[in-house]
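Per the working numbering, the very first residue in the sequence shown carries number -4; after that it's consecutive. The structure appears below as structure tokens.
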Amino acid sequence: MGVLVQRFAVNVPVWDDWERVRLIEKFEEGKMTVSDLYAPHIEHRMVIPRIVMLTLNKGTGGDLKAEMGVIFFTVFATAVAVFLLLRDTLARSDGLLYGTAFCANLLLFSPLQWENFLWAVQVAFMLPMCCVCWALVVLRVKRHWSVGLRFGFCLLLALVATHSFSHGMLVWPVVLMSVLLQPDFSSTARSKWKFLSGWIVAAALVLGCYFSDLQNASHSGHAYNQMPGEAPPGIANFSATIANPDKAIHFFGSFLGNPLARITRLPARDVAPWFGWTLAACFALGAARWFLRWKHKDEIARALPWLALGGTAVTVALMVALSRAEVAGVRSALTPRYNSMSLYLLLSVGLLGMIFGQEIMKRSGSRQMLFSIFTGAFLVTQFQSWAYGIVRMEQWENSRLHSLTSLLYINHFYPEADTRLDVSPAFVRDQANILNRYGYLAQPLARNANTEPFTLASKPLPTNRWALDRVEMSSDGDALEIAGWTLLPESAGGTASHGILVTRPAAAESESDENDASPADVLQVASIHALPPMSSAVADNAFNFKRELDRPDFSSWSARVPIADLFDESIDSVVLKLFAVDARKMRMHRLAKKITVTSSGTVTVEDTN
-4 MGVLVQRFAV NVPVWDDWER VRLIEKFEEG KMTVSDLYAP HIEHRMVIPR IVMLTLNKGT
56 GGDLKAEMGV IFFTVFATAV AVFLLLRDTL ARSDGLLYGT AFCANLLLFS PLQWENFLWA
116 VQVAFMLPMC CVCWALVVLR VKRHWSVGLR FGFCLLLALV ATHSFSHGML VWPVVLMSVL
176 LQPDFSSTAR SKWKFLSGWI VAAALVLGCY FSDLQNASHS GHAYNQMPGE APPGIANFSA
236 TIANPDKAIH FFGSFLGNPL ARITRLPARD VAPWFGWTLA ACFALGAARW FLRWKHKDEI
296 ARALPWLALG GTAVTVALMV ALSRAEVAGV RSALTPRYNS MSLYLLLSVG LLGMIFGQEI
356 MKRSGSRQML FSIFTGAFLV TQFQSWAYGI VRMEQWENSR LHSLTSLLYI NHFYPEADTR
416 LDVSPAFVRD QANILNRYGY LAQPLARNAN TEPFTLASKP LPTNRWALDR VEMSSDGDAL
476 EIAGWTLLPE SAGGTASHGI LVTRPAAAES ESDENDASPA DVLQVASIHA LPPMSSAVAD
536 NAFNFKRELD RPDFSSWSAR VPIADLFDES IDSVVLKLFA VDARKMRMHR LAKKITVTSS
596 GTVTVEDTN
């Protein structure tokens, strides 16, 4: 996964990433206050991620890939905590330990979470579950760790989690219930109750401040249409969700079934809720079994971390269903970022089943055989999930690189039909200019609408890598419409281009000038239609290993150039050329066609050398 993140990470802000700009500007001007750090983003007080962002932003010149590195190492830290919990649950000499840890890591590092690994703002999303896992580890440490020391570490983890994302608040009840139910937490009942009393007081103070004046301070496009100063969407839409519980119930099941939704060829939206409801039922049965065996203190202690993690996943699913089902729709339950929380229910059910099954397997003598069968079945499902997720990571990269191309020209024309940068191009333009002022963009914004930011490839794009489907005047005669499909050269990975530049010779050049190396005026950046925006295809139903078609649907594009942009009073005709952009290398590849348009509306397309 580290290699995949390095391969597919793109340094360009998208959607909620733009929320950082206001804070960066205040920080750079020396006007930032604690209130700015504590201000809600929807329902989330993202103090810790904002501190991480400001630190890395200053140290790396705004490179968002550094934050993606933090996300990866947050998952790595989570994996270490999960391993320590596994080691506490399974005997250290048990041959199942490392095999089980490997299976757990396949879930934790799954590329089904491509949105988490490749979206910088998701630092906030990933920290809370890491803190939950480490709090459970700290609670299990007894040797050389006093109750007071464990309280201090758990308090620190709870503060980090709570001030990262809203589901981080669950650290408080998780620790409370774990200490309350852990039979061997301390040698004396007094120290245990002192811990619990202090914990309840701390939780009341922190959460009381958290919910005080909890009003959205973010752009409405990132806050489910809630304007700054309004109640967060979960609170604003709660009554509507209660009035229509069917959506919330379906959302709840889909959320929990997300990690398994792509292991079949059936539509993900159809199978996810059944997987989720089944896992929730298995967890409920498992929890009931362990609490019925309360006198078996050792078994309870072994199972308690997994009961806590499974309960956390179920509670998060309920919270998100109640706050998002009505405003975002059931389909959004399958967004890839939710895998980072729902996977813990699958992990919990698996571990509770293993602990229970160890007794049966020991008695039957078929322990290794049964474990091999279940592990083999799990690995088969993960092969398909990983293959699917890697395809999605590549598509994410292409979409973000197309966003980078659009962003370059944001001061000259808005991206046509492009929601990959944000729902509001005007908002992007304003925020991008602030980042550009401080040198915090990967590529500075183009001062002029020309091809100067890109170098020209020495050869035209091979003819089998592109085609023009349509070049004609619009029905109203006000614009030239161009459509086609384009793949980059095999040397660039053979992916869809990251934009098509529709150009004409610069004013200083002759219209017959054939020197493509000279900067040309850019009239439009064509929209690559099939590249997904932020989350339009997260709930898709298809799983296809086929990466390339004769005319790839995923590389189709179109452009509409107003006639008013082509001519002035002194020009009767203009020659247009097209260039396919490789934004990762900042290179453009010429398409061997030229389009001649006359002021009378005649359009001709000719091959060029």
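Heads up, the beta-carbon is just placed ideally off N, CA and C, and yes, glycines get one too. Quantities reported herein were computed from a predicted structural model and do not represent experimental measurements.
Excluding five sequence neighbours on each side, which residues of the same chain lie with their C-beta closer than 8 angstroms to the C-beta of residue i?
i	result
V9	W114, R395, S398, R415, L416, D417, M529
A308	L251, M336, S337, L338, Y339, L340, S343
S367	none
K541	Residue placement at K541 is poorly supported in this model, since its pLDDT is 39, which falls under 50; the coordinates are not used for a value here.
P35	L209, Q210, N211, A212, S213, P227
What is the C-beta distance between residue i and residue j, in whole angstroms, given that I count them as a contact (C-beta under 8 angstroms)?
i	j	result
Y205	R40	6 angstroms
V166	P44	So it is not a contact: roughly 16 angstroms between Cβ atoms.
W194	L171	6 angstroms
L51	E62	6 angstroms
L77	D11	The amino acid at residue 77 is misidentified as Leu; the sequence shows Val. That pair is no contact at about 28 angstroms.
H162	M314	7 angstroms
V174	L134	6 angstroms
M388	F71	M388 to F71, Cβ: 18 angstroms. No contact.
V155	L122	6 angstroms
W285	A267	The pair is not a contact, with the Cβ atoms about 27 angstroms apart (cut-off 8 angstroms).
P178	I350	With a Cβ gap of about 16 angstroms, P178 and I350 do not count as contacting.
Thinking C-alpha only, which one of the options is nearest residue i?
i	options	result
P500	T490, P484, V517	V517
W552	L92, M124, F574, D563	F574
G371	C98, D11, K26	C98
S522	I46, S513, I495	I495
H524	G596, G479, T330, C128	G479
I37	P227, M(-4), V127	P227
V47	H158, L91, W269	H158
E447	K454, P455, Q438	Q438
L561	F67, V497, S550, P455	V497
G434	Q1, V16, M(-4)	V16
L463	L436, A554, E20, D31	A554
F22	A421, I429, I66	I429
L280	L374, L261, G305, P300	G305
A198	R185, S207, L150	L150
A515	L451, P455, F190, E476	L451
T599	A559, D471, E467, T273	E467
Could you pull out every residue in the same chain whose Cβ sits closer than 6 angstroms to the Cβ of residue i, ignoring the five residues on either side in sequence?
i	result
L338	L102, P254
L483	T490, S492, D577
T236	A243, L317, A320, E321
A328	F246, S249, F250
S181	V142, K187
Q377	L101
R465	A478
N6	D58, L59, K60, A437
D83	R135
Using C-beta distances below 7 angstroms, list every residue in its chain close to residue i, excluding the 5 sequence neighbours before and after it, in chain order.
i	result
E506	No answer about E506 holds up, because its pLDDT of 46 lies below 50 and its placement is not dependable.
Y404	A441, A444, V517, V520
S215	Q221, M222
D602	A587, K588
Y33	R40, V42
L152	C126, W129, A130, V166
D567	T593, S594
V325	K242, H245, F246, S249
N334	S105, L107, Q108, N253, P254
A323	Y219
A96	F78, L81
I277	Here residue 277 turns out to be Cys, not Ile, going by the sequence shown. Cβ neighbours of C277 beyond the five flanking positions: V344.
I66	N111, F112, Q117, V118, M121
In terms of residue numbering, what span does the alpha helix (DSSP H) encompassing residue i cover?
i	result
I46	42 to 55
K608	Since the first residue shown for the chain is -4 and the last is 604, residue 608 is missing from the structure and cannot be characterised.
I37	Run containing I37: none; DSSP gives neither H nor E here.
E20	15 to 23
P557	That residue, P557, is in no alpha helix (DSSP H); its beta strand (DSSP E) goes 551 to 557.
R135	118 to 135
R585	Counting along the chain, R585 falls outside any alpha helix (DSSP H), though it belongs to the beta strand (DSSP E) covering 582 to 593.
I need the boundaries of the beta strand (DSSP E) containing residue i, first residue and last residue.
i	result
Y108	The displayed chain sequence assigns Gln, not Tyr, to residue 108. Careful: Q108 lies outside any beta strand (DSSP E) and carries neither H nor E.
K60	K60 -> not in any beta strand (DSSP E); alpha helix (DSSP H) instead, spanning 60 to 84.
I258	It is not in any beta strand (DSSP E) - I258 carries neither H nor E in the DSSP assignment.
V497	495 to 499
V574	Residue 574 is actually Phe in this sequence, not Val. Here the beta strand (DSSP E) through F574 covers 568 to 577.
L518	516 to 523
V600	598 to 602
Kindly provide the ranges of any alpha helix (DSSP H) runs that are 4 or more residues long and lie completely inside the stretch 263 to 320, ordered along the chain. The stretch 263 to 320 contains these whole alpha helix (DSSP H) runs: 263 to 287.
Starting from the N-terminal side, write out each stretch of the alpha helix (DSSP H) that is 4 residues or longer and does not extend beyond the stretch 145 to 199. Assignment of alpha helix (DSSP H) within the stretch 145 to 199, counting only whole runs of 4 or more residues, yields 166 to 176 in chain order.
What residue ranges within the stretch 415 to 478 form continuous alpha helix (DSSP H) runs of no fewer than 4 residues, ordered along the chain? Counting whole runs of 4 or more residues, the stretch 415 to 478 contains the alpha helix (DSSP H) stretches 420 to 432.
Enumerate, from N- to C-terminal direction, the unbroken beta strand (DSSP E) stretches of 3 or more residues contained entirely within the stretch 201 to 234. Inside the stretch 201 to 234, DSSP marks no whole beta strand (DSSP E) run of 3 or more residues.
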